[in-house]
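Residue numbers (UniProt numbering): 1 to 200.
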């Protein structure tokens with residue numbers, strides 16, 4: 001599918017065909033595209049939990065106030081991020097860069113994040129958001145539908161997936177084939193209302 005067609009036709013689908021699956025080849029292709037998403041300092045601190053166990057899916061559905069897409073969709077991915085990834089083996093992120101670049105970037109990374117918990121969390125959420133959009137557009141490009149979700153008890157889902165310390169959940173995404181189309185767009189703001197030049 002052409003990129004702008006994917007952007008225009010991507011919608012938050014709530015009802016999925018329970019007989020349609022996502023091929024493993026397509027799932028891997030989507031995830032390989034996701035790994036190309038940008039992150040600050042190339043930290044790549046997203047972590048993805050692919051929930052395939054039916055009982056765990058049912059528990060998460062309960063934590064999501066019974067939303068049908070959690071168990072109906074072919075795939076459920078919990079998007080998480082390691083807020084401490086900037087600190088753990090940061091040389092990995094610049095392993096292919098020239099030595100002089102590494103000597104500049106690694107100390108800069110540390111000074112940018114150290115002691116700034118809010119920034120660490122904000123960066124994790126930002127990176128997860130960019131990865132989520134890549135995932136949804138890649139899926140649409142292959143003919144699948146998705147739904148980004150924040151309507152769930154994050155603390156309970158963290159318990160269910162055994163979320164490690166220092167990690168946050170940014171959202172969940174369901175992935176599969178729509179059983180029925182999404183509702184029409186509820187009210188798109190015009191560009192003139194959301195775009196300003198230079199300052200407000």
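For glycine and all other residues, C-beta sits at the position ideal for the given N, C-alpha and C.
Identity of the residue in the options nearest residue i by Cα
i           : options           : result
residue 156 : 136, 59, 125      : 59
residue 120 : 82, 130, 146, 135 : 82
residue 3   : 136, 107, 40      : 136
residue 178 : 74, 33, 113       : 74
residue 153 : 144, 57, 63       : 63
residue 126 : 14, 33, 44        : 44
residue 12  : 146, 46, 176      : 146
residue 176 : 164, 193, 148, 90 : 148
residue 91  : 76, 108, 79       : 108
residue 1   : 76, 138, 38, 118  : 138
residue 174 : 159, 76, 192      : 76
residue 170 : 34, 25, 79, 33    : 79
Alpha-carbon to alpha-carbon, residue j and residue i
i           : j           : result
residue 51  : residue 36  : 22 Å
residue 97  : residue 111 : 19 Å
residue 161 : residue 172 : 12 Å
residue 16  : residue 185 : 19 Å
residue 181 : residue 142 : 17 Å
residue 166 : residue 140 : 32 Å
residue 87  : residue 113 : 9 Å
residue 197 : residue 123 : 26 Å
residue 48  : residue 194 : 32 Å
residue 46  : residue 128 : 6 Å
residue 54  : residue 61  : 10 Å
residue 65  : residue 56  : 14 Å
residue 116 : residue 150 : 25 Å
residue 41  : residue 106 : 9 Å
residue 163 : residue 94  : 27 Å
residue 190 : residue 25  : 39 Å
residue 34  : residue 200 : 34 Å
residue 168 : residue 192 : 35 Å
residue 14  : residue 144 : 13 Å
residue 158 : residue 89  : 25 Å
residue 118 : residue 38  : 20 Å
Cutoff 8 Å: residue i Cβ touching any chain B Cβ
i          : result
residue 81 : The structure shown contains no chain B; it holds only a single protein chain.
For residue i, the residue or residues it bridges with in DSSP
i           : result
residue 16  : 178
residue 75  : 175
residue 99  : Residue 99 pairs with nothing; no bridge assigned.
residue 229 : Look at the range of the chain in this structure, 1 to 200, and you will see that residue 229 is not part of it.
Check: residue i C-beta below 7 Å from any heavy atom of the ligand GTP
i           : result
residue 120 : In the structure on display, the ligand GTP does not appear, and there are no ligands present to speak of.
* Say whether the region 94–112 touches the region 64–74, bearing in mind that this needs 3 or more beta-carbon pairs closer than 8 Å, one atom from each stretch. => no
- Pairing CB atoms from the region 117–132 with CB atoms from the region 15–28, are three or more of them under 8 Å? no
Exercise for the section: Only counting runs of 4 or more residues, tell me where the alpha helix (DSSP H) segments fall wholly within the region 103–164, in order along the chain. Expected result: 117–141, 154–160
Subject >> Three or more C-beta pairs below 8 Å linking the region 186–195 and the region 27–36 >> reply: no
**Asked** Are the region 4–13 and the region 82–96 touching by the rule of at least three beta carbon pairs closer than 8 Å?
**Response** no
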